[in-house]
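Shown next, in structure tokens, is the structure this report addresses.
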């Protein structure tokens, strides 16, 4: 198929070489074909077991992983914090050891602490997939965004991609900026200064002016603004945020005519994005969902069934 | 029937008296009897310490012994053994125990336990405020009577400038130094490492360097206002070093310490080690510019002394997610080889300057006995084998805890012999077997 995939875990975009990013995207295209069939089931991962361990609420990412696992015939089990012994004060280490005793081939984990998947990788034999850790990374989101962009634009190289909003608290922004830079696209980060972390320039050029970020953009990625940010003195109000950084039809006009708009969801309509934009013709938000399943199938396949190699 | 011991052939360095050379040291009845070239043993047992540094006992003025309250992490017995093994003859015990050492009763308890442990000297530090809550002053005179040598609310920064002012004033009347852990908690709330590009990359909340330096500036201004003596604990940023340098130049009674980890490591290590919790402490590892500024401050005397901030934690408190892990690293059993190999060996300090910053200066800063090897002085002596090469082995620590980022590091220059009042409390040649 593509270049052999040399990683045992997917902890982030950071450790991936550009060719391996492309290899995941190419594999995902093949998986999309499977998703288009009348009978959406292949035996690729029959007999392999996957645990989805979710320490944070997630509808989209969790169901996307579960769907990917089912289509590939893996045996999977999902654990959400509300129903696990996490509520009884069990440590991550003990949870990991207990899961390990069931000998799963893979653990997909979402966790509120940055680096929790690295901790798990140190203490478990299973392949670890990071489904979002703290503010650190959300690699499968970046991969599905890249897949969507590549489908719409036919390429990634040279694309100007504006990533807008709460960069400070966003693992999606970090993974996307890393991925886009790796494959030769031109990400630009934009947000109000209190929501741009120190040293953010290491990822991409940065601006605090929305129009500058959007000017001539091939794609715009809007980040979700958590409403609790108002309490940390980051911002005065969602209303003023929308005034300065909300994506409106008027503002979209500054981008290229064929601009596409992505959002990792769930959206705050009227805050970071106006409804007319979210539901508009350039919105590819629902393509992202379909591609999410394909990308996760590709990751499962490459880590479990594919041409796996060194640790 | 006097008890005697002759240390023969070492390099004796006593910065207080300007001594640096090959001398024999005769110890008699727990005191320094004579220092000179080729002393005759006259029947005294002889220890050959050729190739070793012989120095006035090293003093660590910033140690957490955890007793009372967290004996699972450390006890006064294990902590003092760790100190002896690390080449220290005295330690100052921080008061953030459970209960807090904010009363004569707790101070007395620490002194009693230390006496029973029969290892290195322990000088308790009393709390600045009752319960270290930052509100009402603790009873300094009572604690001082039982043996407290300074006051500090280490680990719990004093938010109120007024309370800190009153503490400086009240302590001044008793001749006590106020040691401050400088941190503005409104700036560092929820943070688990240094603010900067590395924290951004790792997705961890970072505390800005300014969260330290604003309080250092405040403390120096208040020391100047009151004429009280203020000691800045674990200085970690360029801005704070600069503040202390300016304060000293104006004649403010301010002194400062730095830890080996802030002198040698930066926040890059958190990334290199992929969220290893042994790289998590407070203040956090800073960037290279800060590290070099701390090193420069140590060289030019802005930073008076080395202190380890020995902070033992159990495996359970460290083997968790990075942002959930306890702050702190152990330091007593690695400080000497780290400083000898990585600071003196790397040419940043002369050996005599290191002795000054680990013995003479800490004694001076808090007005403690020791820090000198004149005839008649109590024989607290640190002997370091300058040639011994070994790896840091956390499993061999005398401390109850193993939370060090230096495990496995190969270093040259390890403690050989530690004497407290002439009595051997650590002997590397004996403990090699067990």
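Protein chains in written order, with the working numbering: chain W, 235 to 545; chain V, 27 to 460.
Note that beta-carbon positions come from the ideal geometry of N, C-alpha and C, so glycine has one too.
Query: In its own chain, which residues sit with a C-beta less than 6 Å from the C-beta of residue 296 of chain V, not counting the 5 before and 5 after it?; Result: 219, 305
Query: Can you tell me whether DSSP reads residue 114 of chain V as helix, strand or coil?; Result: strand
Query: Give, in chain order, every residue of the stretch 341 to 360 of chain V whose Cβ lies closer than 7 Å to some Cβ of chain W.; Result: 345, 346, 347, 348, 349, 350
Query: For the ligand GTP, I want to know if residue 83 of chain V counts as a neighbour, meaning its beta carbon is within less than 7 Å of at least one of the ligand's heavy atoms.; Result: The ligand GTP is not part of the structure shown, which contains no ligands of any sort.
Query: May I have a chain-ordered list of the beta strand (DSSP E) segments no shorter than 3 residues that lie completely inside the stretch 298 to 348 of chain W?; Result: 309 to 314, 340 to 345
Query: Taking the alpha-carbon positions, what's the residue 97 of chain V to residue 420 of chain V distance?; Result: 19 Å
Query: Could you give the first and the last residue of the continuous alpha helix (DSSP H) run that contains residue 169 of chain V?; Result: 166 to 172
Query: Work out the CA separation of residue 86 of chain V and residue 27 of chain V for me, nearest whole Å.; Result: Note that residue 27 of chain V scores a pLDDT of 47, beneath 50, so its modelled location is shaky; the value from the coordinates is reported in the next line. Near 34 Å, if we compare the C-alpha coordinates of residue 86 of chain V and residue 27 of chain V.
Query: Starting from residue 252 of chain V, trace the alpha helix (DSSP H) in both directions and tell me its first and last residue.; Result: 236 to 252
Query: Skipping 5 residues on each side, what residues in its chain have a beta carbon closer than 7 Å to that of residue 301 of chain W?; Result: 527
Query: Could you list which residues in chain W have their beta carbon closer than 8 Å to that of residue 223 of chain V, in chain order?; Result: 432, 433, 436
Query: Taking residue 458 of chain W as the query, report the chain V residues whose CB atoms sit under 7 Å from its CB, ordered along the chain.; Result: Within chain V, no residue comes near residue 458 of chain W; the closest Cβ sits about 16 Å away, beyond 7 Å.
Query: So, are the CB atoms of residue 469 of chain W and residue 428 of chain W less than 8 Å apart?; Result: yes
Query: For a contact meaning CB atoms closer than 8 Å, what does residue 327 of chain W contact in chain V?; Result: 345, 346
Query: Do you know offhand how far residue 533 of chain W's Cα is from residue 258 of chain W's?; Result: 7 Å
Query: Are residue 483 of chain W and residue 508 of chain W touching if we call contact CB-CB under 8 Å?; Result: yes
Query: Chain V beta carbons: is any one of them nearer than 8 Å to that of residue 350 of chain W?; Result: yes
Query: Would you say residue 227 of chain V faces chain W, with C-beta separation under 8 Å as the test?; Result: yes
Query: Would residue 296 of chain W pass as a contact of residue 312 of chain W if the rule is Cβ separation under 8 Å?; Result: yes
Query: Specify, as a first and last residue, the run of the beta strand (DSSP E) that residue 435 of chain W falls within.; Result: Per DSSP, residue 435 of chain W belongs to no beta strand (DSSP E) and is neither H nor E.
Query: Within the same chain, show all residues whose beta-carbon is closer than 7 Å to that of residue 77 of chain V, passing over the 5 residues directly before and after it, in chain order.; Result: 411, 412, 413
Query: Hey, is residue 347 of chain W's beta-carbon within less than 8 Å of any beta-carbon in chain V?; Result: yes
Query: Tell me whether residue 427 of chain V is buried or exposed, calling it buried when 16 or more other Cβ atoms sit within 10 Å of its Cβ.; Result: buried
Query: Okay, do the stretch 336 to 353 of chain V and the stretch 265 to 280 of chain V touch, 3+ Cβ pairs below 8 Å being the bar?; Result: no
Query: Classify residue 64 of chain V as buried or exposed, calling it buried when 16 or more other Cβ atoms lie within 10 Å of its own Cβ.; Result: exposed
Query: Would you verify that the beta carbon of residue 232 of chain V is, or is not, closer than 8 Å to some beta carbon of chain W?; Result: yes
Query: In chain V, which residues lie with their C-beta within 7 Å of the C-beta of residue 370 of chain W?; Result: 228, 229
Query: Under the three-state reduction of DSSP, which class applies to residue 544 of chain W: helix, strand or coil?; Result: Confidence at residue 544 of chain W is low in this model, with a pLDDT of 34, below 50, so the placement of that residue is unreliable and no value is reported for it.
Query: If you follow the alpha helix (DSSP H) that residue 532 of chain W is part of, which residue opens it and which one closes it?; Result: 519 to 534
Query: Determine, for residue 300 of chain V, whether the minimum Cβ-Cβ distance to residues of chain W falls below 8 Å.; Result: yes
Query: Would you mind telling me which residues of chain V sit closer than 7 Å to residue 353 of chain W, beta carbon to beta carbon, in chain order?; Result: 301, 347
Query: By the three-class DSSP mapping on this structure, what secondary structure does residue 446 of chain W have?; Result: helix
Query: What does a CB cutoff of less than 7 Å around residue 133 of chain V pick up in its chain, not counting 5 residues either side in sequence?; Result: 127, 150, 152, 169, 172, 173, 174
Query: In the DSSP assignment, what are the bridge partners of residue 74 of chain V?; Result: V:34
Query: Return the chain-ordered list of same chain residues with a C-beta closer than 7 Å to the C-beta of residue 460 of chain V, the five sequence neighbours on each side being excluded.; Result: With a pLDDT of 40 at residue 460 of chain V, under the threshold of 50, the predicted position of this residue should be treated as unreliable, and no value is reported.
Query: For residue 505 of chain W, which of W:531, W:514, W:461, W:487 has the nearest alpha-carbon?; Result: W:461
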